[in-house]
Amino acid sequence: MHERSLVQNLLRQVEQIVAAEGGGVVSEIRVQAGDLSGVEPLLFQMAFDDMVPAVFSADCQLTLEVVPVTAVCSECDHKFEIIDFQFRCPACQAGSVQVIQGDEVKLISVTLNSNHTREGVTS
Amino acid sequence: MNQRTIIVQRDVQADQKADAAVERQRLGNRGTLVVNLLSSPGAGKTTLLEATARHFAGRRSMAVLVGDLETDRDARRLAPLVPTAQLTTGGACHLELPLVQRGLKAIGDPAVDFLFIENVGNLVCPASHDLAEHLRVVLLSTTEGDDKPGKYPKMFRTSQAMLITKLDLLPHVPFSVEAVTEDALRIQPELEVLTNSALDGSGIANWCEFLEQQHQQRLAMYYEPTGNR
């Protein structure tokens, strides 16, 4: 149950982005997670729903996309999807593979609504 | 109304991982190998550390940061042997770097050869948190069953070594060292597999020898090319 800790990190990052963009209302946060990210999507969503109103608004949507765990072989560069947690290269049988997707929670994008453009001109 | 989408593509733990990398380098530079020990509750982390402290006594220096939800029971066991700080999470299921740094400061940030972090007993959440360790070791006791690696893949995938503990109980429990090793190697083909039984002391010398090797190998990158620190 460490989803709250990860949601806290996520919201902190989004806050920094909003500040850098000069403010606005966050309407959507897109996130990617895979089977090795250590999060259970439902628990992550629940933690998000619970924590987001204090930072942004309850209208802020979380879109969580579950992605397959993908790895690349350190020996032959073969890129493959990890199925059933088998971490051996299916092409050359090497045991040294690097996970390139699905082992982290990744903030993909932030959608901001604002009454002002960045230059401060009302649109 | 103006709507725009900012593409970020960033790990939500990027800041925490960067902090951990800085701390890992600081400790590596001065010759401290940080070992994160993870397991279910009761797998024998504290007993292993007591045996390790006795084995290294007078030869290698070590300190322990021990994480638990409540109480300082583990720290009281280890404190007579080595510098120890209890990290109490107050119910949280895993340790995070700021807690580790606070504990390290509490014992005076000693320049020991080995800094062990005894994580909260849990095979799930601690796997996702970098505590600035150079080596991650997962302990699995024979009483827990040999089907665990496949059930907790992230823990075994992110570890560099698996230590099978309580080997002295093998005649009494349905546990196959071969089967558990096969299951774990499927997830992490580069995993080192060790066995021990800390109560009767078997496997402890081997474990400590492994730690010495790891100290040499994993910290080599921090040393000057001339070999001087």
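Chain order of the listed sequences is A and B.
Just so we're aligned: the first sequence equals residues 1 to 123 in the working numbering.
Just so we're aligned: the second sequence equals residues 1001 to 1229 in the working numbering.
Note that CB positions come from ideal geometry on N, CA and C, so glycine has one too.
Bear in mind that the values here come from a model prediction, so they are computed numbers and not experimental data.
Contacts that B/Gln1013 makes with chain A (C-beta to C-beta distance below 8 Å): Leu6, Asn9, Glu104, Val105
Can you name the residues of chain B whose CB is closer than 9 Å to the CB of A/Thr111? Gln1003, Arg1004, Thr1005, Ile1006
Element boundaries [alpha helix (DSSP H), containing B/Lys1166]: Note, B/Lys1166: premise wrong, no alpha helix (DSSP H); not H, not E.
Counting C-beta neighbours from all protein chains within 10 Å, is the total for B/Arg1157 16 or more, i.e. buried, or is it exposed? buried
Could you tell me which chain B residues have their CB closer than 8 Å to the CB of A/Phe87, listed as they occur along the chain? Arg1157, Arg1186, Ile1187, Gln1188, Pro1189
C-beta atoms of B/Leu1087 and B/Arg1073 nearer than 9 Å: Not closer than 9 Å, so no.
Helix or strand or just coil, what does DSSP make of B/Met1162? strand
9 Å Cβ cut-off: residues of chain A touching B/Gln1016: Asn9
Under 8 Å by beta carbon: chain A residues contacting B/Pro1153: Chain A residues near B/Pro1153: Asp35, Leu36, Phe85.
Would you tell me roughly how many angstroms separate the C-alpha atoms of B/Val1173 and B/Gly1042, rounded to the nearest one? Their Cα atoms are separated by approximately 16 Å.
Nearest-angstrom Cα separation, counted from A/Gly24 out to A/Val18: 7 Å
Run through the DSSP bridge pairs and tell me what A/Phe80 is partnered with. A/Ala71
A/Leu107 - containing beta strand (DSSP E), residue span: 105 to 114
When you compare the CB positions of A/Leu11 and A/Val55, do they come within less than 9 Å of one another, or not? yes
In whole angstroms, what is the alpha-carbon distance linking A/Ser123 and A/Leu112? The predicted model places A/Ser123 with a pLDDT of 41, which falls under 50 and marks its position as unreliable; any figure quoted below should be read in that light. In a straight line, the C-alpha of A/Ser123 is about 14 Å away from that of A/Leu112.
Short check: CB of B/Leu1069 to CB of B/Gly1091, under 9 Å? yes
Kindly indicate the opening and closing residues of the beta strand (DSSP E) around B/Leu1033. B/Leu1033 -> beta strand (DSSP E) spans 1033 to 1038.
Tell me where the alpha helix (DSSP H) around B/Leu1219 begins and ends. Unbroken alpha helix (DSSP H) run through B/Leu1219: 1204 to 1219.
How many Å lie between A/Cys92 and A/Cys76 at the Cα? Rounded to whole angstroms, the gap between the alpha carbons of A/Cys92 and A/Cys76 is 7 Å.
Keeping to the same chain, check which residues put their C-beta closer than 6 Å to that of B/Glu1023; ignore five residues upstream and five downstream. Ala1132
Reduced DSSP category for B/Asn1002 - H, G, I as helix; E, B as strand; rest coil: strand
Which term fits B/Lys1166, buried or exposed, when burial requires 16 or more other beta carbons within 10 angstroms of its beta carbon? buried
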